[in-house]
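Just so you know, we're using the working numbering here: the sequence shown kicks off at 3 and counts up by one. Read the structure below first, then the notes.
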Amino acid sequence: MTAKQFFIQGLTHDGKPFRPSDWAERLCGVMAQFRPDGDTSDPRFTYSPYVKPVNIAGTKCVVVDERLKEIEPKAMDFVKNFAKDNNLPIVEACEIPTKSPN
Numbered sequence: 003m004t005a006k007q008f009f010i011q012g013l014t015h016d017g018k019p020f021r022p023s024d025w026a027e028r029l030c031g032v033m034a035q036f037r038p039d040g041d042t043s044d045p046r047f048t049y050s051p052y053v054k055p056v057n058i059a060g061t062k063c064v065v066v067d068e069r070l071k072e073i074e075p076k077a078m079d080f081v082k083n084f085a086k087d088n089n090l091p092i093v094e095a096c097e098i099p100t101k102s103p104n
């Protein structure tokens, strides 16, 4: 099985860095409660495995796993609307294997 992911880029469609500078961490903090069954990590201290901040070529981004929609469709709507409302590009990522081939 493969997981599809997309990135919300921290540069607006106008090419300006999105502010505040900690926007990615804030968004991921809000989404930290959405976790797969059996995940016992404390959302006060760790991000969700489905919504994580990353830095790509010096640009803050958030990587979102499409499986978030299976847990809570409204959460997926929230992150997509966040990007749309703030003029941030969404870029589809490659498919990532969820299981080791061994």
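We treat Cβ as the ideally placed atom computed from N, Cα and C, and that holds for glycine.
key: CA-to-CA distance, A95 to M33, given in whole angstroms   = Counted from its first residue, the sequence shown places residue 33 at position 31. Counted from its first residue, the sequence shown places residue 95 at position 93. So the two alpha carbons sit approximately 19 Å from each other.
ask   = Taking E68 as the reference, which of K82, P55, L13 and G40 has the closest Cα?
value = Your numbering for residue 68 matches position 66 in the sequence shown. Closest option to E68, Cα to Cα, is K82.
ask   = Looking only at DSSP bridge pairs, what is V56 linked to?
value = By one-based count along the sequence shown, residue 56 stands at place 54. Paired residue(s): C63.
Selection from V66, I73, D41 and H15 that minimises the alpha carbon distance to A26 = Position 24 of the sequence shown holds residue 26. Checked all of V66, I73, D41 and H15; the closest Cα to A26 is V66.
ask   = Between the Cα of D45 and the Cα atoms of F80, G60 and L29, which residue gives the shortest distance?
value = The sequence position of residue 45 within the sequence shown is 43, counting from 1. The sequence given here places Pro at residue 45; Asp does not occur at that position. Closest by alpha carbon: L29.
task = Could you check which residue in F20, M78 and K62 has the C-alpha nearest to that of Y52?
result = Taking the first residue of the sequence shown as 1, we reach residue 52 at position 50. Closest by alpha carbon: M78.
request  = Tell me whether A166 is buried or exposed, calling it buried when 16 or more other Cβ atoms sit within 10 Å of its Cβ.
outcome  = It is not possible to answer for residue 166, since the shown part of the chain is limited to 3 through 104.
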